[in-house]
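Enquirer:
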Amino acid sequence: MSNVKNIKSIDISSATIIGTGLNILFSIIAAIVLLLGVSIIGGWNAFSGFITIACGLVFGTMIYCVFQIFAECYLYNILVKKLNPVSLTIKDNKYIEKVSVMSTAILGAVTSTIIMVIVYLASIFGIMMLSSGILQTLMYAGQFELAMTVYQLISIFSSPITAVVLILLMFISVFVAVAIGLYIFNFLTDKIGPIDVTLTQEGSMTSIDYVNPKNIAIITALISLIINVIFGIITAIGSGDFVIILINGVSGFISSFIGMALIVIFYNFLSKKLGTLKIELAE
Numbered sequence: 016m017s018n019v020k021n022i023k024s025i026d027i028s029s030a031t032i033i034g035t036g037l038n039i040l041f042s043i044i045a046a047i048v049l050l051l052g053v054s055i056i057g058g059w060n061a062f063s064g065f066i067t068i069a070c071g072l073v074f075g076t077m078i079y080c081v082f083q084i085f086a087e088c089y090l091y092n093i094l095v096k097k098l099n100p101v102s103l104t105i106k107d108n109k110y111i112e113k114v115s116v117m118s119t120a121i122l123g124a125v126t127s128t129i130i131m132v133i134v135y136l137a138s139i140f141g142i143m144m145l146s147s148g149i150l151q152t153l154m155y156a157g158q159f160e161l162a163m164t165v166y167q168l169i170s171i172f173s174s175p176i177t178a179v180v181l182i183l184l185m186f187i188s189v190f191v192a193v194a195i196g197l198y199i200f201n202f203l204t205d206k207i208g209p210i211d212v213t214l215t216q217e218g219s220m221t222s223i224d225y226v227n228p229k230n231i232a233i234i235t236a237l238i239s240l241i242i243n244v245i246f247g248i249i250t251a252i253g254s255g256d257f258v259i260i261l262i263n264g265v266s267g268f269i270s271s272f273i274g275m276a277l278i279v280i281f282y283n284f285l286s287k288k289l290g291t292l293k294i295e296l297a298e
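Residue numbers (our numbering): 16 to 298.
1. Please go through the same chain and pick out, in chain order, the residues whose beta-carbon is closer than 7 Å to the beta-carbon of threonine 76, but skip the five residues on each side of it.
2. Skipping 5 residues on each side, what residues in its chain have a beta carbon closer than 6 Å to that of valine 36?
3. Is glutamate 217 helix, strand or coil by DSSP?
4. Between the stretch 251 to 269 and the stretch 216 to 223, are three or more C-beta pairs nearer than 8 Å?
5. According to DSSP, what are the bridge partners of serine 24?
6. Where does valine 101 fall in DSSP's three states?
7. Can you give the Cα-Cα distance for alanine 30 and valine 179, rounded to whole angstroms?
8. Assign threonine 107 to one of three DSSP states: helix, strand, or coil.
9. Tell whether a beta-carbon distance below 8 Å holds between valine 125 and isoleucine 182.
10. Quick check on asparagine 18: does DSSP put it in helix, strand or coil?
11. I'd like to check one pair, leucine 94 with leucine 122: are the Cβ atoms closer than 8 Å?
12. May I ask you to report which of helix, strand or coil DSSP gives lysine 287?
13. Could you pull the start and end residues of the alpha helix (DSSP H) that isoleucine 249 belongs to?
14. Pick helix, strand or coil for lysine 206, following the three-state DSSP scheme.
15. Shortest alpha-carbon distance to lysine 97 belongs to which of Gly71, Met144, Ser24?
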């Protein structure tokens, strides 16, 4: 039997811990690949020189993910009281068949836009703090043209018009991307099958103990395939190179399949160590 349930709230601590853990794990893999590649190309000297960069990659990922995931969950819990919540169609308390399109797209767009505004304002503050010293240094060094270019770039980046354009682009792009992705997702779950999950009740919260990587990886890969083929066709019409359609489709399918499969596999592994993601579901 299928029931439609709303995500009334997200447990911020569990989401931040497991989400940050996932991203740190991927950053560690990326850092290892970076160090191996550098050591093969440049030898031991290059390897030792890039250790600091690799450590910075992992540490920076941790700092940013804590902020981003905490902010996203906190904003969701606030916005869901004013806007329609994300709703899931769950069958037999085990299979996720559909996800609401419009409410998810709106909440995702609003949340992403607010976070973008926060990051933008913080960036403006940091640039203003540093710009005076940078411009003075360039002027003393006789780099008047470069100083003028830097000043113009700072002025453009900090102008109200730039802020408005960035806000509109962020909202529209996230809304369209989420809406299209979920329309395709809901269509594919009817054809391929729903997402297999293991849910347990812990008081008022529902714990996501396990996610089967097979269907969700296939569906994500097919969504990426469809979207990449569409963009490939648009690009091919303009450039005349229709091979790009095949390249976009195949690369999008493979990378999305591997990426989503790894995310789910790592989640199932880390959830046993760090704790599962918990959400509050309401009829």
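Idealized CB from N, CA, C, for every residue including glycine. Remember, it's a predicted structure, so these values are computed and weren't measured experimentally.
Expert: On the basis of the coordinates in this document:
1. For this step, residue 76 is matched to residue 61 along the sequence shown. Correct list, in chain order: Asn38, Ile39, Ser42.
2. Numbered from its first residue, the sequence shown carries residue 36 at position 21. Note that residue 36 corresponds to glycine in the displayed sequence, not to valine. Excluding positions up to five away in sequence, the list reads Leu285, Leu289.
3. On the sequence shown, position 202 is the one that residue 217 refers to. Strand at glutamate 217.
4. no
5. Here residue 24 refers to the residue found at position 9 of the sequence shown. Answer by DSSP bridge pairing, in chain order: Glu295.
6. Against the sequence shown, residue 101 aligns to sequence position 86. In the structure shown, valine 101 sits in coil (DSSP, three-state: anything other than H, G, I, E or B).
7. Within the sequence shown, numbered from 1, the residue matching residue 30 stands at position 15. Within the sequence shown, numbered from 1, the residue matching residue 179 stands at position 164. Cα to Cα, alanine 30 sits roughly 31 Å from valine 179.
8. As a first step, residue 107 must be located in the sequence shown, where it is residue number 92. It should be pointed out that residue 107 corresponds to aspartate in this sequence rather than to threonine. DSSP places aspartate 107 in coil when its eight states are reduced to three.
9. As a working note, residue 125 is residue 110 in the sequence shown. As a working note, residue 182 is residue 167 in the sequence shown. Not in contact: valine 125 and isoleucine 182 (Cβ atoms no closer than 8 Å).
10. Taking the sequence shown and counting its residues from 1, one reaches residue 18 at position 3. Of the three classes helix, strand and coil, the one that applies to asparagine 18 here is strand, per DSSP.
11. For the purposes of this step, residue 122 is identified with residue 107 of the sequence shown, where counting begins at 1. For the purposes of this step, residue 94 is identified with residue 79 of the sequence shown, where counting begins at 1. Yes, these two residues count as a Cβ contact at 8 Å.
12. Locating residue 287 in the sequence shown gives position 272, counting from the first residue. Three-state result, lysine 287: helix.
13. Translated into the one-based positions of the sequence shown, residue 249 becomes position 234. Run containing isoleucine 249: 228 to 254, per the alpha helix (DSSP H) assignment.
14. Reading the sequence shown from its first residue, position 191 is the one you call residue 206. Reduced to three states, the DSSP call for lysine 206 is helix.
15. Counted from its first residue, the sequence shown places residue 97 at position 82. Lysine 97 has its Cα closest to that of Ser24, out of Gly71, Met144, Ser24.
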